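Please read the structure below before turning to the comments.
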Amino acid sequence: MLRIAHLDTGKDLRGGQYQLLLLAQGLRERGHDQVIVCPEGSALDAAARRRGLAVLPLPLHNTARAAFHLRRFLRARHFQILHAHDGRGQTISWIASRGLPVLRVASRRVTFLPRHRLSHALKYRCTCHAVIAVSQFIQKLLIQSGIPATKIEVIYDGIDFPESLPGTEEKSSIRKSFQLDDRHFVIGHAGTFTSEKGQEIAIQAFQLLERVLPNARLLLAGDGPLLEALKRKYTIAEPQGKIRFVGYLDNLSGFMNCLDLFIMPSLAEGLGSSALIAMAHGVPVIASRVGGLPEIVEEQTTGWLVEPGSPGALAERIISIASDKPRLQRAGLHARETARRFTTKMMTDKIEALYCRLMERPMPAG
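Here the working numbering is used: the first residue of the sequence shown is 155, the next is one more, and so on.
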């Protein structure tokens with residue numbers, strides 16, 4: 155049994171926090187002792203407690219104070235692995251555990267190269283024992299910033315794979331819950347409403363195609379800082395409700411099961427776990443050719459790739475495939491088979507194996 159502390163400093167519940175929860179639940183089933191270290195009163199704090207996971211809430215508005223509390227906890231409980239799931243968390247992890255017999259692991263999922271590459275390289279070379287990149291694209295960015303390839307391990311995000319999909323009648327019922335029926339061609343997107351996720355590009359593309367595809371509907375799931383601004387800007391122009399903001403959904407299965415097509419017009423993306431969830435539900439994907447998305451969306455097989463930032467290119471691609479039901483069905487079947495390679499179990503297996511390999515090495519000083 156390993157004793158593992160997971161550290162994340164985000165206040166919202168986004169993709170990285172969901173991956174932390176999936177990992178912690180998978181490791182709990184294997185008997186490991188864990189605690190989730192996160193901001194006091196954060197969405198992750200509440201979500202972890204709902205799942206019965208132990209939580210150490212920290213006052214993360216002050217880095218030094220947070221590190222002091224974490225260090226005292228680590229010394230009292232003798233944790234072996236300290237896994238930071240974001241950049242600020244890695245800084246706190248290092249400060250809190252210097253000189254303690256703790257192995258530090260850092261997950262990296264963001265796509266930007268830091269302004270100060272030397273300090274970034276030193277941070278990950280000197281303050282952790284292994285770095286997890288969520289895609290080959292992220293791995294390349296890390297190497298470009300000066301981090302040794304030997305310290306980096308690519309471990310893709312995991313998803314809960316549904317073993318069965320709804321039949322025709324059940325799917326019709328799910329659509330009715332969204333005020334849709336079988337005549338509609340339903341396009342969906344799920345993600346936090348931030349500029350890099352491309353929701354406005356999705357809306358602009360839909361406005362270009364709606365005259366050609368009058369039965370098309372666009373469902374946008376999620377919340378975030380840009381949600382209210384987009385709702386004010388576009389719902390007035392859509393009195394028939396062809397563009398719908400369905401809000402935050404804790405479980406995306408019902409949402410994915412009512413779609414004909416999933417789109418991910420991101421401007422930046424470490425991997426794209428919501429696209430993987432769609433694929434696991436047999437829904438083909440149109441995604442931007444950015445970040446880690448080309449590693450999961452195979453052109454003409456599991457979906458299609460378009461240039462980022464182009465509503466016209468996205469609209470053109472949707473129109474070209476919307477009327478070809480057999481083509482969509484084939485792509486959906488291939489997408490589902492591809493998604494089998496990205497399960498939560500596989501992610502947990504690989505991260506657990508990494509922890510164990512680190513434990514077998516001599517403990518470095520400091």
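In this text, a Cβ means the ideal position worked out from N, Cα and C, and glycines have one as well. As the structure is a computational prediction, the values presented were derived from the model and not from experiment.
Among the options, nearest to residue i - alpha-carbon criterion
i, options, result
"GLU317", "VAL189, ALA469, HIS435", "HIS435"
"LEU181", "LEU207, PRO465, LEU167", "LEU207"
"LEU176", "GLY164, LYS165, HIS160, VAL264", "HIS160"
"PRO211", "GLY164, GLN293, GLU324", "GLY164"
"ASN216", "GLY243, LEU425, LYS387", "GLY243"
"THR265", "SER247, LYS294, ARG471", "LYS294"
"GLN353", "CYS280, ALA441, GLU194", "ALA441"
"THR498", "TRP248, GLN179, GLY312", "GLY312"
"ARG471", "LEU224, ASP314, PRO438, THR281", "PRO438"
"GLY376", "LEU406, PRO193, LEU319", "LEU406"
"GLN483", "ALA507, ASP414, ARG511, PRO193", "ASP414"
"ARG168", "ALA201, SER474, GLU194, GLY486", "ALA201"
Residue i and residue j closer than 7 angstroms at C-beta
i, j, result
"LYS351", "SER427", "no"
"ALA250", "ALA218", "no"
"GLY253", "ILE328", "no"
"PHE233", "ARG157", "yes"
"GLN358", "PRO465", "yes"
"ASP199", "VAL191", "no"
"ARG263", "LEU236", "no"
"ASP162", "ALA197", "no"
"LYS504", "ILE309", "yes"
"MET433", "ALA489", "yes"
"ALA476", "PHE360", "no"
Exposure label - residue i; buried when at least 16 CB within 10 Å
i, result
"SER261", "buried"
"GLN454", "exposed"
"GLU382", "exposed"
"TYR509", "buried"
"PRO302", "exposed"
"PRO393", "The predicted position of PRO393 is uncertain, since its pLDDT is 46 and thus under 50; a value taken from the coordinates is nonetheless stated next. Burial call: exposed."
"LYS277", "buried"
"GLN188", "buried"
"CYS280", "exposed"
"THR389", "exposed"
"THR304", "exposed"
"GLU183", "exposed"
"LEU425", "buried"
"GLU423", "buried"
"ALA238", "buried"
CA-to-CA distance, residue j to residue i, given in whole angstroms
i, j, result
"ALA467", "MET501", "34 angstroms"
"LEU430", "GLY401", "20 angstroms"
"THR322", "ASP336", "10 angstroms"
"LEU403", "ALA287", "27 angstroms"
"GLY170", "ILE355", "23 angstroms"
"LEU373", "GLU514", "49 angstroms"
"LEU334", "ILE341", "12 angstroms"
"PHE399", "GLY378", "12 angstroms"
"ASP240", "TRP248", "13 angstroms"
"PHE332", "ARG371", "11 angstroms"
"MET155", "GLY185", "6 angstroms"
"LEU459", "GLU324", "30 angstroms"
"ARG495", "ARG225", "37 angstroms"
"ALA284", "ILE246", "16 angstroms"
"ARG231", "ARG204", "23 angstroms"
Proximity test, residue i beta-carbon vs the ligand FMN heavy atom, cut-off 6 angstroms
i, result
"GLU506", "For the ligand FMN, the structure offers nothing, since it holds no ligand at all."
Interface flag, residue i vs chain D, CB-CB below 7 angstroms
i, result
"VAL444", "Going by chain labels, chain D is absent from the structure shown, which holds only one protein chain."
message: Does the contact criterion of 3 or more C-beta pairs under 8 angstroms hold for the stretch 360-372 versus the stretch 441-460?
response: no
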